[in-house]
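This report refers to the structure that appears directly beneath it.
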Amino acid sequence: MKGEPLPGTSQMDIRDAIYVYPLNSGLPPVYVVFNSPYDGAMTRGEHSGRMYDPEKAGGPTQNLDWTTASVTQDGIDLVKLHTGRFGASDANTIMIDRLEKILRCELVVTDTDKIFYTHELRELERYRVLGVADGVQGNVWNNAHTAALEDYRINENRDFLYTEAAQSAGDRQDHADALRGL
Numbered sequence: 001m002k003g004e005p006l007p008g009t010s011q012m013d014i015r016d017a018i019y020v021y022p023l024n025s026g027l028p029p030v031y032v033v034f035n036s037p038y039d040g041a042m043t044r045g046e047h048s049g050r051m052y053d054p055e056k057a058g059g060p061t062q063n064l065d066w067t068t069a070s071v072t073q074d075g076i077d078l079v080k081l082h083t084g085r086f087g088a089s090d091a092n093t094i095m096i097d098r099l100e101k102i103l104r105c106e107l108v109v110t111d112t113d114k115i116f117y118t119h120e121l122r123e124l125e126r127y128r129v130l131g132v133a134d135g136v137q138g139n140v141w142n143n144a145h146t147a148a149l150e151d152y153r154i155n156e157n158r159d160f161l162y163t164e165a166a167q168s169a170g171d172r173q174d175h176a177d178a179l180r181g182l
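Quick note: the sequence shown uses the UniProt record's numbering, first residue 1, plus one each step.
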C-alpha cells in the first residue's frame with residue numbers, strides 16, 4: 001500500500017492535530033502528534049507491515065524462499081560482516097553462534113535460524129546495491145531491512161528473526177544500555 005495525496009490537493013505536511021468532540025459528549029479534546037522515525041517511509045510493506053521507501057531499498061522486492069537455505073561458512077562470514085556494522089549485539093552473537101553450531105552439526109537448524117540467516121544475507125546485498133561500504137552503518141537500515149523482509153514474505157510479529165533466548169539477550173542489552181544513557 002503506497003500513500004498518495006488526495007486528488008485536487010497538494011501534499012499536506014500535517015504533523016499534529018486537535019480532535020474536538022461534540023459539546024455534550026463528555027469527551028475532552030485530544031491532541032495527537034503524527035510521527036515516523038523513518039524519513040520518506042510512505043509505503044507499507046505487504047508482508048512485513050512496516051513503513052519504508054521502496055525507491056531507496058536497493059532494488060525492487062523479489063519472491064525469495066528462505067525454507068531452502070543451507071548454512072555455509074561463507075554465508076556465516078557474510079552475516080558477521082553485515083551485522084558487525086551495527087555494533088555489539090548480544091542477540092546477533094547468539095544467532096551467529098547458533099549458525100556456527102549448525103555448520104558443525106551440533107545443532108539442528110530451525111526456521112528461525114534460516115529466517116535470520118537469509119534475511120541478513122539479503123539485507124547485506126541491498127546495502128551493497130545502495131553503495132554502502134561493508135563495515136559502514138549508513139542511513140539505509142529501515143528501507144533495506146523492510147525490503148529484505150518483503151523479499152522473503154516475513155512478518156516479524158509472526159516469523160521470528162531471533163530465537164527467544166537471543167531476543168531476551170537483546171532486550172537485556174537494550175535495558176542495560178538505556179540505564180547507562182547509551
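Glycine included, every Cβ here is placed at the ideal spot set by N, Cα and C. Just so it is clear, the structure is predicted and the values come from calculations on it, not from any experiment.
Item to check | Run of the beta strand (DSSP E) containing Tyr19, from where it starts to where it stops | outcome: What you label residue 19 is simply residue 19 of the sequence shown in a count that begins at 1. Asp16 to Tyr19 is the span of the beta strand (DSSP E), which, as asked, contains Tyr19.
Item to check | Rounded separation between Tyr152 and Leu78 - CA only | outcome: For the purposes of this step, residue 152 is taken as the residue at position 152 of the sequence shown. For the purposes of this step, residue 78 is taken as the residue at position 78 of the sequence shown. Roughly 18 Å separates the two Cα atoms.
Next on the checklist: On a Cα-Cα basis, can you pick out the residue from Leu64, Ser89 and His47 that is closest to Ala169?
Outcome noted: For the purposes of this step, residue 169 is taken as residue 169 along the sequence shown, with counting starting at 1. Considering only Leu64, Ser89 and His47, the residue with the shortest C-alpha distance to Ala169 is Ser89.
Checklist entry - Between the segment 102-115 and the segment 125-136, do at least 3 Cβ pairs fall closer than 8 Å? => result Contact between the segment 102-115 and the segment 125-136 is not established, with fewer than three Cβ pairs separated by less than 8 Å.
Next on the checklist: What would DSSP say about Tyr162, mapped onto helix, strand or coil?
Outcome noted: Translated into positions along the sequence shown, residue 162 becomes position 162. Reduced to three states, the DSSP call for Tyr162 is coil.
Item to check | Cutoff 7 Å; reference Val140; Cβ partners in own chain excluding five residues on either side | outcome: As a first step, residue 140 must be located in the sequence shown, where it is residue number 140. Same-chain partners within the cutoff: Lys56, Tyr127, Leu130 and Val132.
Item to check | Per DSSP, the bridge partner or partners of Tyr31 | outcome: For the purposes of this step, residue 31 is identified with residue 31 of the sequence shown, where counting begins at 1. Its beta-bridge partners are Ile18.
Checklist entry - Can you give the Cα-Cα distance for Arg172 and Glu164, rounded to whole angstroms? => result Position 172 of the sequence shown, counting from 1, holds the residue named residue 172. Position 164 of the sequence shown, counting from 1, holds the residue named residue 164. Distance between the alpha carbons of Arg172 and Glu164: 12 Å.
Checklist entry - Residue range of the alpha helix (DSSP H) that Leu124 falls in? => result Stepping through the sequence shown from its first residue, residue 124 is reached at position 124. Its alpha helix (DSSP H) spans residues Asp111 to Val129.
Item to check | Of the residues Asn142, Asp174 and His119, the one placed nearest Leu64, counting alpha carbons only | outcome: The residue labelled residue 64 in the question sits at position 64 within the sequence shown. Residue His119 holds the alpha-carbon nearest to the alpha-carbon of Leu64 among Asn142, Asp174 and His119.
Next on the checklist: Using CA atoms only, rank isn't needed, just tell me which of Gly59, Thr146 and Asp97 is closest to Val71.
Outcome noted: Within the sequence shown, numbered from 1, the residue matching residue 71 stands at position 71. Residue Asp97 is the option with its Cα nearest to Val71.
Checklist entry - Candidates Met51, Val109 and Thr68: which alpha carbon is nearest Ala144's? => result For the purposes of this step, residue 144 is taken as the residue at position 144 of the sequence shown. That would be Met51, whose Cα lies nearest to the Cα of Ala144.
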